[in-house]
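This note's numbering puts the first residue of the sequence shown at 608, with every later residue one more than the last. A short write-up of the structure that comes next.
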Amino acid sequence: MTNLADIAARIDGYNPDALEAGHAQDIIRSSIAPIEGWETLTLTAALGRVLAADIVSPINVPAHDNSAMDGYAFSGRDIGEHAVELQVAGVAFAGHPYTGGVKAGQCVRIMTGAVMPPGCDTVIPHELVQSISETAITIAPGTVKPGDNRRLQGEDLAAGTPALRKGKILRPADLGLLASLGIGEVPVQRRLRVAFFSTGDELRSIGEKLDEGCIYDSNRYTVYGMLTRLGCEVIDLGVVCDDPASLEATLRTACETADAIVTSGGVSAGDADYTTTVMAKLGEVHFWKLAMRPGRPMAFGKIASNGKSAYLFGLPGNPVAVMVSFYFFARDALLQMMGAQREALPMLRVASQSAIRKKPGRTEYQRGILSLDDEGRAQVRVTGSQGSGVLRSMSEANCMIVLPHGQGDVDAGELVNVVVFDGLC
Ligand code: AMP
Ligand code: MG
608 MTNLADIAAR IDGYNPDALE AGHAQDIIRS SIAPIEGWET LTLTAALGRV
658 LAADIVSPIN VPAHDNSAMD GYAFSGRDIG EHAVELQVAG VAFAGHPYTG
708 GVKAGQCVRI MTGAVMPPGC DTVIPHELVQ SISETAITIA PGTVKPGDNR
758 RLQGEDLAAG TPALRKGKIL RPADLGLLAS LGIGEVPVQR RLRVAFFSTG
808 DELRSIGEKL DEGCIYDSNR YTVYGMLTRL GCEVIDLGVV CDDPASLEAT
858 LRTACETADA IVTSGGVSAG DADYTTTVMA KLGEVHFWKL AMRPGRPMAF
908 GKIASNGKSA YLFGLPGNPV AVMVSFYFFA RDALLQMMGA QREALPMLRV
958 ASQSAIRKKP GRTEYQRGIL SLDDEGRAQV RVTGSQGSGV LRSMSEANCM
1008 IVLPHGQGDV DAGELVNVVV FDGLC
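As structure tokens, this is what we get:
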């Protein structure tokens, strides 16, 4: 990692105690290097994985000129200003080409996907033919132009051109595309190993007795879910008490087994929180107070133990804050480590259904519910309580409303930025 302090120094007016969210994202982005190592997987096993090399198409797609419709194929030279009658010389099915000749004044009945017969460059769809008999069809003038309804060889992809680029996260369409090229195995980046644990004396794991003043550890489950959705190999290190020796031991284990570490809790300046001291002892870690809500405290850096090192994301303890910090700071960095192409999250501009109070000078990530109004236009409303511990409203939300640093109060009907939680795939 380029020296974190040097990177931070390049940020105009760097102040770790009131750092703009965008600046923290920039610092993290410039510090991260992708992991090395890849493996070859079969297509089905490669779903969701990051492509480790460009994939060049070995063939033309489609391999031949073929018909885009069920209808009749003929030469565009045969049609003109008057109705024309063409004799049906034969039939072409997908997978069973017509191999005879096609003379002027002839046509071939053809199915979608069938190879265009020799000399034919145009297809008239069945439903546009003026009249059809056993042996001939009549085409009215102006119904099709030469070249219509024909898919050209190599139109989707020409042999020798890249079909998919290194860094692509493989989605269902990509598996299909690779299959259409006859490619059954692809090189993918090895899985990113991420260790995670929760910190806090008050935390109990499911199944344990909930002592007075204690709470169940929920962050480990949300963090597990977010890491798994991202395609990481997760290493669950449980709950660690606010005790320097256990913290150090767990951080060292994490560092020696994982590429990155995600912790929750203990990064604010609480009395019983030793996390910051121990983290700082093991490497170069910055402790930030971000100008954002929810989730102000965050630690980021790189720690080392026994010759192994790992990036560290010390996220806040509050259940919503940990999710927001993960999504808007750790997620991008982990994808970068995974070698994934950088893709900005699609940000929609949607009308807010009601006014939202917002202080300029901090980025706010509010839980929202995106829906369609009676006219089918997108609209968004804030979910119930926005307290940083209220997981229920995070669970009810289907998007985040991102109110940028400089933004003030939002009026009802004003457009706001929205990041949707789930997409089609
Ligand atoms: P901290 O950042 O450690 O001061 O924690 C902030 C708040 O988040 C406290 O109210 C903690 O009890 C709560 N918290 C911390 N870790 C977790 C966790 N793993 N699950 C649920 N709540 C937590
Ligand atoms: Mg704590």
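Just so you know, even glycine gets a beta-carbon here, dropped at the ideal spot from N, CA and C.
Discussion item. By alpha-carbon positions, which one of Gly754, Ile776, Gly702, Leu837 ends up nearest to Asp685?
Written reply: For the residues Gly754, Ile776, Gly702, Leu837, the minimum Cα distance to Asp685 belongs to Gly754.
Item to complete: Have a look at Ser995, Ser992, Gly975 and flag the residue whose alpha-carbon is nearest the alpha-carbon of Gln986.
Response: Gly975 is the residue among Ser995, Ser992, Gly975 whose C-alpha sits nearest the C-alpha of Gln986.
Discussion item. Taking its Cβ as the centre, do 16 or more other Cβ atoms sit within 10 Å of Met954, making it buried, or is it exposed?
Written reply: Its Cβ having fewer than 16 others within 10 Å, Met954 is exposed.
Item to complete: Please confirm whether Thr742 and Gln694 have their CB atoms less than 8 Å apart.
Response: With respect to the 8 Å criterion, Thr742 and Gln694 are classified as neighbours on the basis of their beta carbons.
Worksheet entry | Contacts around Gly791, its chain only, beta-carbon distance under 7 Å, and the 5 residues preceding and following it disregarded | So the list reads Thr649, Leu650, once near-sequence residues are dropped.
Worksheet item: Do you know offhand how far Cys714's Cα is from Val957's?
Response: Cα to Cα, Cys714 sits roughly 53 Å from Val957.
Worksheet entry | Own chain partners of Ala962 with C-beta closer than 7 Å, once the 5 adjacent residues on each side are dropped | For Ala962, where only same-chain residues beyond five positions count, the Cβ hits under 7 Å are Asp1016, Val1017, Asp1018, Ala1019.
Item to complete: Taking Phe907 and Ile614 to be in contact with their CB atoms under 8 Å, please state how far apart those CB atoms are, rounded to whole angstroms.
Response: Distance from Phe907 to Ile614 at the Cβ level is roughly 11 Å; contact not present, criterion being Cβ atoms closer than 8 Å.
Worksheet entry | Status (buried if at least 16 other CB within 10 Å, exposed otherwise) for Asn913 | Around the beta carbon of Asn913, fewer than 16 other beta carbons sit within 10 angstroms, so the residue counts as exposed.
Item to complete: Could you check which residue in Leu611, Tyr881, Ile746, Lys966 has the C-alpha nearest to that of Gly692?
Response: The sequence shown places Glu at residue 692, not Gly. Checking every option, the nearest Cα to that of Glu692 belongs to Ile746.
Worksheet item: By a C-beta neighbour count over all protein chains shown, 10 Å radius and 16 as the cutoff for buried, is Pro835 buried or exposed?
Response: The sequence shown places Thr at residue 835, not Pro. By the 10 Å Cβ count, Thr835 comes out exposed.
Worksheet item: Mind pulling the beta strand (DSSP E) runs of 3 or more residues that sit fully within the stretch 766-807?
Response: List check, beta strand (DSSP E) in window: 769-771, 792-796, 800-806.
Worksheet entry | Reference Pro904, options Met886, Pro923, Leu854, closest by Cα | Out of Met886, Pro923, Leu854, Pro923 has the C-alpha closest to the C-alpha of Pro904.
Worksheet entry | Beta-carbon gap between Val657 and Ala940 smaller than 8 Å | Against a cut-off of 8 Å, the Cβ pair of Ala940 and Val657 comes out as no contact.
Worksheet item: Going by C-alpha distance, which of Arg617, Glu840, Ile642 is nearest Val830?
Response: Selected option, being the one with the closest Cα: Glu840.
Fill in: Length of the line joining the Cα atoms of Ala670 and Gly761
Cα to Cα, Ala670 sits roughly 6 Å from Gly761.
Worksheet item: With distances taken from CA atoms, which of Met676, Trp645, Cys1006 is nearest Tyr934?
Response: That would be Cys1006, whose Cα lies nearest to the Cα of Tyr934.
Fill in: Nearest-angstrom Cα separation, counted from Lys773 out to Arg999
So the alpha carbons of these two residues sit roughly 39 Å apart.
Discussion item. Ignoring anything shorter than 4 residues, give me the alpha helix (DSSP H) runs that lie fully in the stretch 614-673, in order along the chain.
Written reply: The stretch 614-673 contains these whole alpha helix (DSSP H) runs: 628-638.
Discussion item. I'd like to know whether the C-beta atoms of Asp677 and Arg757 end up nearer to each other than 8 Å.
Written reply: 8 Å or more divides the Cβ of Asp677 from the Cβ of Arg757.
Discussion item. Counting C-beta neighbours from all protein chains within 10 Å, is the total for Pro748 16 or more, i.e. buried, or is it exposed?
Written reply: Around the beta carbon of Pro748, a 10 Å sphere encloses fewer than 16 other beta carbons of the protein chains shown; the residue is thus reported as exposed.
Worksheet item: What's the C-alpha gap between Ile842 and Leu759?
Response: So the alpha carbons of these two residues sit roughly 50 Å apart.
Item to complete: Kindly indicate the opening and closing residues of the beta strand (DSSP E) around Thr729.
Response: DSSP places Thr729 in the uninterrupted beta strand (DSSP E) bounded by 729-732.
Worksheet item: Met886: which of Gly873, Pro725, Leu897 sits nearest, CA to CA?
Response: Ranking Gly873, Pro725, Leu897 by Cα distance to Met886 puts Gly873 first.
Discussion item. If you measure between the beta carbons of Ala770 and Ile662, is that distance less than 8 Å?
Written reply: Their beta carbons are under 8 Å apart, which means Ala770 touches Ile662 by this criterion.
Item to complete: Using a threshold of 8 Å, state whether the C-beta atoms of Gln897 and Lys909 are closer than that.
Response: Before going further, note that residue 897 is Leu rather than Gln in the sequence given. Going by beta carbons, Leu897 and Lys909 fall outside the 8 Å limit.
Worksheet item: Just checking my contact of Ala631 with Leu777 at CB under 8 Å: how many whole Å lie between their CB atoms?
Response: Distance from Ala631 to Leu777 at the Cβ level is roughly 30 Å; contact not present, criterion being Cβ atoms closer than 8 Å.
Discussion item. Please tell me whether Ala680 and Thr750 are closer than 8 Å, where the distance is taken between their beta carbons.
Written reply: The criterion of a C-beta distance shorter than 8 Å is not satisfied by Ala680 and Thr750.
Practice prompt. Note down, one range per segment and in chain order, each beta strand (DSSP E) of at least 3 residues found wholly within the stretch 821-888.
Written response: Runs found: 840-847, 867-871.
Worksheet item: Exposed or buried, which one is Ala786 when buried takes at least 16 other CB atoms within 10 Å?
Response: Counting Cβ neighbours within 10 Å, Ala786 comes out exposed, since fewer than 16 surround it.
Fill in: Identity of the residues DSSP links to Gly908 by a beta bridge
Bridge partners of Gly908 according to DSSP: Val892, Leu919.
Fill in: Cβ distance (whole Å) where Gly697 is taken to contact Tyr705 below 8 Å
The beta carbons of Gly697 and Tyr705 sit about 5 Å from each other, so the pair counts as a contact at 8 Å.
Worksheet item: Once you ignore the five residues that flank Cys1032 on each side, which residues in its own chain have a CB closer than 7 Å to its CB?
Response: The residues are Arg778, Pro779.
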